[in-house]
Amino acid sequence: MAPLAIHHPFPYLHPVTARAPWIDGHGRVMRDLRVSVTDRCNFRCLYCLPETEEAAQFYRTKFAPISTSGLSTTLREPIWKPRSEILSFDEIERIVRLAVEHGIEKIRVTGGEPMLRRGLVDLIARLSAIPGVRDLAMTTNGFYFGDKAEALRQAGLQRISFSLDSLDPSNFKRMTGRDGLADVLSSIEKAQACGFAPVKVNAVVIRGLNDHEIPDLARFARSHRLTFRYIEFMPLDSGHVWQRDLVVPGREILSRLQSEFDLVPISNATNPSETARRWSFADGVGEIGIIAPVTEPFCGHCNRLRITADGKIRTCLFSVVEHDLKAWMRGGADDTELAAGMRRVVLGKELGHRIGKADFTQPARSMSCIGG
Ligand code: SAM
Ligand code: SF4
């Protein structure tokens, strides 16, 4: 006799561990958790940690009206959190397990630069073993990824995204503060060789810096079978020197691509929380996407939460309030209390960001601390 069909109230949850999912005050069900495993980074990207003389020079000369008070903050060395303030692997595993029990399906490990976290391969193995983690991904600048590609794959990492803003070695150095293009390209190749497919690559586009490379980056992606994403520059830099003039709007990126390529839109109907508007090429080779959070916000479908390396929950990239999960954990909260706390935090998730509005306040911490 055929087994009886059991209609579980939350069919998308793991049957053994299922609890009511975390739903925010606007009805959005949380599915995606970004976990920052370190605030440290070996790069100094101009849009994230612009703490090099070259970055300061760019901001100084390119757009005259920038305030000098902002610039002075770009030239300090970043201050990393002491190790004791960073979540341990046990704490990260506990949070991910609880999150998955409450409806989270996708985990993205990020930073800072996640490859700098000692024991990362072990952490990935621990996270991939949690029942209900459907999708385990990581974002990296790629510099140190190559040597660990195979081990990470074996440990259960399913997807990898690289950041690559320029194909010109000197422009790459200008944008990232490091002479690392060859290392990143070799890591991308290694990722493909050990079976990550498709490999995703992201570029932040900044006017006057790498916008002239938009078509070349697409050609590169096509010839290397990469899924490519162009990202608008967001006000999340440590120097607080972001300016709207530096943002190349998604529509402009698209029209520059359309002047060289025949693009066919790909529908996001099956995944409305997808951040990118996507296109394939008419000849069937390659896919590009444009992530335009500044000019075309997609907050209405946002189902993401973030945990910072020092254990704060953030309900939006642009949250100005963080909630101290680490303090609850280290204060002795049990799983029920912790999950109830997280549920309360999720309820207050912002409807959307306020970029461009008179009351917009840039978060105090940069993307490298928040976890992109
Ligand atoms: N270090 C890793 C890397 O760069 O891929 C992971 C962390 S990084 C903060 C995650 C993503 O955030 C990267 O794709 C990076 O390009 C993006 N990012 C950082 N600052 C940004 C900004 N101000 N605007 C848009 N994207 C930004
Ligand atoms: Fe580091 Fe990534 Fe920020 Fe660049 S974007 S400075 S690689 S954390």
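Quick note: the sequence shown uses my numbering, first residue -9, plus one each step.
A virtual CB, placed ideally from N, CA and C, is assigned to each residue, including glycine.
Query                                                                                                           : Result
Strand pairing of Phe152, partner residues [DSSP]                                                               : Thr130 and Val191
Three-state secondary structure assigned by DSSP to Lys316                                                      : helix
Span separating the alpha-carbon of Glu312 from that of Pro353                                                  : 10 Å
Bridge partners - Lys302, DSSP secondary structure assignment                                                   : Asp314
CB of Gly167 within 8 Å of CB of Cys35, strictly                                                                : yes
With 16 other Cβ atoms within 10 Å as the buried cut-off, status of Arg294                                      : buried
Ser213 (DSSP reduced to helix, strand or coil)                                                                  : helix
Cβ neighbours of Thr305 in the same chain (closer than 7 Å, five flanking residues each side left out)          : Leu295, Val335, Val336, Gly338, Lys339 and Glu340
CB-CB length for Ser228 against Pro104, believed under 8 Å                                                      : Rounded, the Cβ-Cβ distance is 18 Å, inconsistent with contact.
Nearest neighbour of Ala46, chosen from Pro205, Thr260 and His230 [CA to CA]                                    : His230
Reference Leu106; option with closest CA among Glu327, Ala329 and Ala299                                        : Ala299
Nearest neighbour of Pro121, chosen from Gly132, Val111 and His92 [CA to CA]                                    : His92
Expected contact under 8 Å - CB spacing of Thr285 and Gly240 to nearest Å                                       : 6 Å
Ser156: CB within 7 Å of a non-hydrogen atom of the ligand SF4                                                  : no
Within 8 Å, strictly: CB atoms of Asn200 and Ala211                                                             : no
Completely contained alpha helix (DSSP H) runs for the stretch 238 to 289, where each covers 4 or more residues : 240 to 248
Identified DSSP bridge partners for Phe218                                                                      : Val191 and Ile278
Where the beta strand (DSSP E) containing Val99 begins and where it ends                                        : Lys96 to Thr100
Beta-carbon gap between Phe271 and Phe251 smaller than 8 Å                                                      : yes
Cross-strand partners of Ile196 (DSSP beta bridge)                                                              : Val237
Burial state of Leu139 (16 or more Cβ within 10 Å)                                                              : One point to set straight first is that residue 139 is Ala, not Leu, in the sequence displayed. Its Cβ being crowded by 16 or more others within 10 Å, Ala139 is buried.
8 Å Cβ cutoff, Asp29 in contact with chain B                                                                    : The structure shown contains no chain B; it is built from a single protein chain.
Integer-rounded CB distance, given that Trp70 should sit under 8 Å from Arg30                                   : 5 Å
Beta-carbon separation (whole angstroms), Leu441 vs Ile97, contact threshold 8 Å                                : Since the displayed the chain opens at -9 and closes at 362, residue 441 lies outside it and no answer follows.
Near the ligand SF4: Glu103 beta-carbon under 7 Å from a heavy atom                                             : yes
Beta-carbon proximity check, Leu156 vs Glu203, cutoff 8 Å                                                       : One detail in the question is off: residue 156 reads as Ser in this sequence, not Leu. Cβ distance < 8 Å, so Ser156 and Glu203 count as in contact.
For Gly321 and Gly279, the rounded distance between their alpha carbons                                         : 43 Å
heavy atom of the ligand SAM below 7 Å from Val231 C-beta                                                       : no
6 Å CB neighbourhood of Phe79 in its chain, flanking five on each side removed                                  : Leu113
Residue(s) in a DSSP beta bridge with Asp22                                                                     : Lys96 and Arg294
Met332 versus Ser356 - alpha carbon distance                                                                    : 23 Å
Range of the contiguous alpha helix (DSSP H) that encloses Leu110                                               : Leu110 to Ser118
Beta-carbon spacing of Gly101, Thr28 below 8 Å                                                                  : yes
Opposing strand residues paired with Asp125 [DSSP bridges]                                                      : Lys96
Three-way DSSP call (helix, strand, coil) for Ser59 in this model                                               : Only weak support exists for where Ser59 lies, its pLDDT of 48 falling under 50; the value from the coordinates is given anyway. DSSP places Ser59 in helix when its eight states are reduced to three.
Reduced DSSP category for Ile204 - H, G, I as helix; E, B as strand; rest coil                                  : helix
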